[in-house]
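Protein chains: 2
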Amino acid sequence: MSTDLLDKPAGLASPFVRALVRLMRAEDSYGTWEGRTDADLLTDFIVTKEQRREIPIIGDPDPDVLWRLEKFYAAVGIDIERVTGRIASPMMKMSHEGFGRVLLTCGRLVVLTRTLRDVHRFGFETIEKLGEAGDKLVADAAGWIETHPDLADA
Amino acid sequence: MSTDLLDKPAGLASPFVRALVRLMRAEDSYGTWEGRTDADLLTDFIVTKEQRREIPIIGDPDPDVLWRLEKFYAAVGIDIERVTGRIASPMMKMSHEGFGRVLLTCGRLVVLTRTLRDVHRFGFETIEKLGEAGDKLVADAAGWIETHPDLADA
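Shown next, in the form of structure tokens:
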């Protein structure tokens, strides 16, 4: 699928980043992204320090950033399967002002819970940092499932 | 607050129904419901067999029925406190077609999870049945908290 075998940015091989890319491509019904490399697709998730400085501190999130936020947590949910054999389902509730909450649940267990703020500034400095952030959430969530498998199955 | 001490419909004294009424009145910022009795407020939750027969099988839920659905599960969440000392927070995700999911969580524990369907037909035959339905959900949820207090506190 991707042709950027040379010059790959660091982090592109992280399992979480692979899951995120698959999820994004799964929604590309019209094939508009077929010509874009994985690294290129992920650039929307990247907000460098300079870019962040230019984003107003207070702002309403646009539909694109909400879509990316949903994909990010959905990717955590499906990547949990790689580690534990179980998928976690996301539930997200956002105010139009960019304040909200996201849950990932697996059976009767809340494997991830986060308050969301400043969602209009959502992004990561590099693809590597995006991967690290996702991998950490997956590992934390998997830890809850491993210690409470009965509830994850309930 | 309520003046309908005589002729009270059955079920009006159920703890869950009391919680639901309090929650509804808490949102009555303009005092438009001050003149309505509790029983009268709850009539919106009542769908008799005859009324149900007249509702199309397929239909989009209107904002009022979505509001009542949210209040119903929020009342379950706060009434759980009466039994366990802990409040459960609701998360609801609905499609515009009336299909969705509701979760109540307490700490790391999912104390209620339900798939929602045919939401445009949401309602109960009598106030008594409304109370019974709520009381049962509260009891089930409380059971999860009582068997997993560590997760409910996590």
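In order, the protein sequence lines correspond to chains A and B. Under our numbering, residue 154 is the last one in the first sequence; the count climbs by one each step, no gaps. Under our numbering, residue 1154 is the last one in the second sequence; the count climbs by one each step, no gaps. All C-beta atoms, glycine included, are put in the ideal place defined by N, C-alpha and C.
Interface criterion met: the Cβ of Arg-1108 (chain B) is under 9 angstroms from a Cβ in chain A.
Around the Cβ of Asp-1064 (chain B), a 10 Å sphere holds fewer than 16 other Cβ atoms; the residue is exposed. A:Val-110 is the residue among A:Lys-129, A:Val-110, A:Ala-133 and A:Thr-115 whose C-alpha sits nearest the C-alpha of Thr-147 (chain A). Interface flag for Arg-86 (chain A) against chain B is unset, since no Cβ pair is found closer than 9 angstroms. In the structure shown, Lys-1093 (chain B) adopts extended strand secondary structure according to DSSP, grouped into three states. Annotation for Gly-1100 (chain B): the continuous beta strand (DSSP E) segment containing it runs 1100-1106. Between Pro-1009 (chain B) and the set B:Asp-1038, B:Trp-1144 and B:His-1120, the nearest pair of CA atoms involves B:Asp-1038. Between the stretch 1049-1069 of chain B and the stretch 1115-1122 of chain B there are three or more inter-stretch CB-CB distances shorter than 8 angstroms, so the stretches are counted as touching. Here Met-1092 (chain B) is not near Leu-1112 (chain B), since their CB atoms are 9 angstroms or more apart. Taking the Cα positions, Tyr-1073 (chain B) is about 16 angstroms away from Arg-1025 (chain B). Between Asp-1079 (chain B) and Arg-1101 (chain B), the alpha-carbon positions lie close to 20 angstroms from each other.
For the pair Asp-135 (chain A) and Pro-56 (chain A), the CB atoms are not nearer than the 9 angstroms cut-off. Taking the Cα positions, Ile-1145 (chain B) is about 33 angstroms away from Glu-1097 (chain B). Among the residues facing chain B, Leu-116 (chain A) is not included, as its CB has no counterpart in that chain under 9 angstroms away.
Close to chain A, meaning a Cβ-Cβ distance shorter than 9 angstroms, are the following residues of the stretch 1088-1101 of chain B: Ser-1089, Met-1091, Met-1092, Lys-1093 and Arg-1101. Separation of Leu-104 (chain A) and Val-76 (chain A) (C-alpha to C-alpha, rounded to the nearest whole angstrom) is 9 angstroms.
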